[in-house]
Amino acid sequence: MNFKKTLCIVLAAAAVACSFASCGDKPAADNGGDTAQAQAQAANVDVTAVADQLKNDISYEDSLVEFDAGKIEKILGVPAAGYTKAKVYASSTGATPEEIACFEATSEDMAATIKTAIDARLKAQKSTFSDYKPEQAPKLDSAVIVVKGNCVFFSVSGDSAKAKEIIG
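Going letter by letter, the sequence shown gives residues 63 to 230 in the numbering used here.
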């Protein structure tokens, strides 16, 4: 009996650990890296913490406000059912295209759908700012979009190098 209980506990723990490993890069076959280490890093990704770090560690011309789920769906076209965690910040005045959007999608397919929505948002912003404030266009041209497993990261700022460093 004790063996069966122990086995059930170990299997349950393994299932929980696997469920937390949804946001990492899948290790490439030729990367020579440690698969266990890559999986451990994947389990530690917190998209909301990344969004906050992008907001706090990069200087922005405008203040950024956080979107709620309704505004995320209205502005970005991403329904709440498509992600388990998200944090989105955007320019409070609309005078700059500065934005941060970080999602933990419900699946890799949904991550691809979210990336498509972000691509559409970026295209629309480029169209708007090319006429409205062309001096802001370089921020859009150097926007950072990264997909890692189920996670999608988007940053528009004056410091794309720092954004790439934070996203990793």
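Every residue, glycine too, gets a C-beta built ideally from N, C-alpha and C.
Can you find the residues in the same chain that come closer than 6 angstroms, C-beta to C-beta, to S222, ignoring five residues on each side of it along the sequence? Answer for S222: S204 and V206, listed in chain order.
Whole runs of the alpha helix (DSSP H) within the stretch 106 to 136, excluding any shorter than 4 residues: 109 to 119
For E160, which of helix, strand or coil comes out of DSSP? coil
According to DSSP, is S219 helix, strand or coil? coil
With a 10 Å radius around its C-beta and 16 neighbouring C-beta atoms as the bar for buried, classify V127 as buried or exposed. exposed
Whole-number beta carbon distance between V109 and A143, since they are thought to touch under 8 angstroms: About 16 angstroms separates the two Cβ atoms, so there is no contact after all.
Extent of the continuous beta strand (DSSP E) run through S153: Y145 to S153
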